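What follows is a set of notes on a single structure, which appears directly below.
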Amino acid sequence: MSKPGLDTLLLGTLEYIDTHQAAFLAAIQRHLLLFVIVLLISVAIGVPLGMASAKRPIFSAWALNIFSALKMIPSLALLMVFIPILGVGFLPAMIALIVHALPTILINTYTGYSQIDEAILENATAMGLTEREILWRVETPLALPLIFSGLRTSSVDIIATTTVAAYIGAGGLGEFVIVGITNMNSVIMLAGSLTVAAIALIVDFIFSLLQRRLIRYQIA
Amino acid sequence: MAGKIIEIRGVSKQFKNAQAYAVDHVSIDVSRGDFITIMGTSGSGKTTLLKMINRIHELTDGNIFFEGQNIHDLKVEAYRKKIGYVIQQIGLFPHMTVAENIAVVPKSLHWGKDRIAARASELLSLVHLEPAIYKDRYPSQLSGGQQQRVGLARALAADPEIMLMDEPFGAIDAITRQVLQDELLAIHRKTGKTVLFVTHDLHEAFRLGDKVIIMNEGRVQQYDTPYNILFHPANGYVAKLVASEDIIEKLKVLRADSISTPVQVTPDGRVPRVLANAPLSAVLGKFMETGAPQIYVEDAQGRIEGSILWNSLQSIASLRTEGAEYFV
Ligand SMILES: Nc1ncnc2c1ncn2[C@@H]1O[C@H](COP(=O)(O)OP(=O)(O)OP(=O)(O)O)[C@@H](O)[C@H]1O
Ligand SMILES: [Mg+2]
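Here the protein sequences come in this chain order: X and Z. Going by numbering that gives the first Met the number 0, the first sequence runs without a break in its numbering and finishes at 219. Going by numbering that gives the first Met the number 0, the second sequence runs without a break in its numbering and finishes at 327.
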């Protein structure tokens, strides 16, 4: 069999998606569900932890070290490590993805709160604002750009890594990629990976819009 | 109401792990409406003293009273809201517009929206920034001098009892700095606010302060009028500090109103005039230029505050700085 050209390949991919619509929609749903759950849980853990790390130096020493180390582990390796511990399926995949996404969110949050100019905080204190007022009216708005860019980076990351997580039973679009690879079928593989890429781009675009709305000022 | 607004009693500060005292048994009274400058070389404890007044630093020893009450017993946030604070680094909130920056303390005090907006406009005009042009700008869209004006407006927002200013014009070019000094003096005259102003510039200290605190190694060396510091230095340190100033330099740093006396008679239209915060060197120039025996000192609105006779100016020139004995 001769190698098909790029145009035939793309047309074949579109046709494959069209003829397998139901399976595709289910996979997209699953992929997005996993993404949303992982993102929400990572934010729920990473943002408060990052905030606490910035405020409590003793805390930050270990939290940051652990999470920086976690960030270094390649996603596939991380996923494989979880198999003997948790087995395979949706839940182990979810946990592995959270562990993978958390460091970026935590470290960005930590950096966001730690990089605030001392003079600004000194003024806020000297003006007689309470700690709570300073947190919500000064620190958090100033940390937000970095927190947000952490969310944006890890969102794209989660979507991509979820594809790999199909290896440990996460489901989602990664299944098409695996089927494609094992059967040496470029069309099926492309159908899965192109859709993942499209979702990642769309999510990134949505974040960029939100970012522009949320953050009106520029730090000089 | 006159009387003491701040009483600093035997106050010391020793930082953790530091051997020497940053502030060493300082006692100072500040009367309401005073403009006091605190002058000293780097590390002499000026900032530390200021930050003990607004309770950013705890005292190691001694007490500070605000309107007769020990500041240690006051609710710290409420107390700080009565103090305007302006620093060299300015520290405007970059995520807030100029108007929002000014509104921070009023908002925290639950003022109404209209009152806050009116106050922001009023203050921007006071610091010579056209409200319509500047109120919606972000700090990053302002020059350093404009940012410091906003910093001043923000500190004045909730009508504080006292202003603490730590080298607010330290990073600003000489020309703009002089403009800002004049504006600050005008604001002081207009509002009657008590000001404690830190600087390490002797000229700035004399130009602005009705009274000057000279600090060295955490201790107050002299707390007096610019005139007395120049002509009656309290000790060798101060004498050395002002010794380099020859008579022309001294005339340059003393303000006209430091030697003027109230006018007794109906002002005479032909008598030449100078501004109250003009330096005495300008007064000397005026005498030489006009040959008049007397010059009136007027405020920015043209009201006559007092007069200077040629004789009294001349007598300064013949004054020798006391304390020459310190140099033997
Ligand atoms: N937070 C701090 N911890 C330890 N030591 C400090 C602290 N702040 C100031 N010091 C020390 O206290 C002394 C007085 O410092 P301070 O900042 O009050 O000086 P200053 O007169 O304001 O000087 P400058 O003109 O340079 O601003 C210095 O020796 C300084 O090193
Ligand atoms: Mg200082």
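All residues carry an ideal CB built from backbone N, CA and C; glycine is no exception. Quantities reported herein were computed from a predicted structural model and do not represent experimental measurements.
For X:Thr-103, no CB of chain Z lies under 8 Å from its own CB, so it is not counted at the interface with that chain.
Judged by pairs of C-beta atoms under 8 Å, the stretch 90 to 109 of chain X touches the stretch 35 to 47 of chain X, as three or more such pairs exist. When only Cα atoms are considered, Z:Gln-88 and X:Leu-5 end up about 60 Å apart. Proximity to X:Arg-136 across Z:Ser-43, Z:Ala-102 and Z:Tyr-133 peaks at Z:Ala-102, based on C-alpha coordinates. Nearest Cα to X:Asn-107 within the set X:Thr-7, X:Ala-22, X:Thr-152 and X:Leu-208: X:Thr-152.
From the listed residues X:Val-163, X:Ala-123, X:Ser-148 and X:Ala-199, the smallest Cα separation to Z:Gly-150 is found for X:Ala-123.
DSSP places X:Ser-74 within a helical segment (H, G or I) once states are collapsed to three. Any heavy atom of ligand 2 counts here; residues with a Cβ closer than 7 Å to one of them, in chain order, are Z:Lys-45, Z:Thr-46, Z:Asp-165, Z:Glu-166 and Z:Val-197. Your pair Z:Tyr-78 and Z:Phe-65 checks out as a contact, with CB atoms roughly 7 Å apart and the cut at 8 Å. Of Z:Lys-112, Z:Arg-218 and Z:Leu-201, the smallest CA-CA separation from Z:Val-211 is found for Z:Leu-201. The Cβ of Z:Ala-77 sits closer than 8 Å to at least one Cβ of chain X.
Here the stretch 172 to 183 of chain X makes no contact with the stretch 131 to 147 of chain Z; the two share fewer than three CB pairs at distances below 8 Å.
Neighbours of Z:Lys-112 across chain X, judged by C-beta separation under 7 Å, do not exist; the nearest C-beta is about 16 Å away.
Closest in alpha carbon position to Z:Leu-279, among Z:Leu-163, Z:Ala-204 and Z:Ser-257, is Z:Ser-257. If you check the CB distance, Z:Ile-294 and Z:Val-273 come in under 8 Å. Linking X:Ala-118 to Z:Gly-169 through their CA atoms gives a straight-line distance of about 15 Å. Contact between Z:Pro-271 and Z:Thr-260 fails: their C-beta atoms lie close to 16 Å from each other, not under 8 Å.
One thing to note: Z:Ile-228 has its Cβ no nearer than 8 Å to the Cβ of Z:Thr-193.
Judged by beta-carbon spacing, Z:Val-25 lies beyond the 8 Å limit of Z:Leu-58, meaning their Cβ atoms are not closer than that value. At a Cβ-Cβ threshold of 8 Å, Z:Ile-315 and Z:Ala-255 do not count as neighbours. For X:Glu-174, the enclosing alpha helix (DSSP H) begins and ends at 173 to 181. Relative to ligand 1, the nearest heavy atom lies less than 7 Å away from the CB of Z:Ala-21.
Between the stretch 153 to 164 of chain X and the stretch 20 to 40 of chain X there are three or more inter-stretch CB-CB distances shorter than 8 Å, so the stretches are counted as touching.
Under the three-state reduction of DSSP, X:Leu-33 is assigned to helix. Along the stretch 130 to 147 of chain X, the positions whose C-beta sits under 7 Å from a C-beta of chain Z are Glu-132, Val-137, Pro-140 and Leu-141, read in chain order. Taking non-hydrogen atoms of ligand 1 into account, the C-beta of Z:Phe-14 is found less than 7 Å away from one of them.
Closer than 8 Å to the CB of X:Asn-122 there is at least one CB belonging to chain Z.
Residue contact with chain X for Z:Gly-90: present (Cβ-Cβ distance below 8 Å to some residue of chain X). DSSP, read as helix, strand or coil, puts Z:Phe-65 in strand. The residue from Z:Gly-83, Z:Gly-268 and Z:Pro-93 with its alpha-carbon nearest to that of X:Pro-140 is Z:Pro-93. X:Ile-198 and X:Ser-154 have their C-alpha atoms roughly 10 Å apart. According to the DSSP assignment, Z:Thr-224 belongs to no alpha helix (DSSP H), since it is labelled neither H nor E.
For Z:Lys-12, the enclosing beta strand (DSSP E) begins and ends at 3 to 12. In the DSSP assignment, Z:Gly-83 forms a beta bridge with Z:Met-162. Listed along chain Z are Gln-88, Gly-90 and Pro-93, each with a C-beta nearer than 9 Å to that of X:Asp-116. Closest option to Z:Leu-49, judged by alpha-carbon separation, among Z:Leu-123, Z:Pro-232 and Z:Leu-163: Z:Leu-163.
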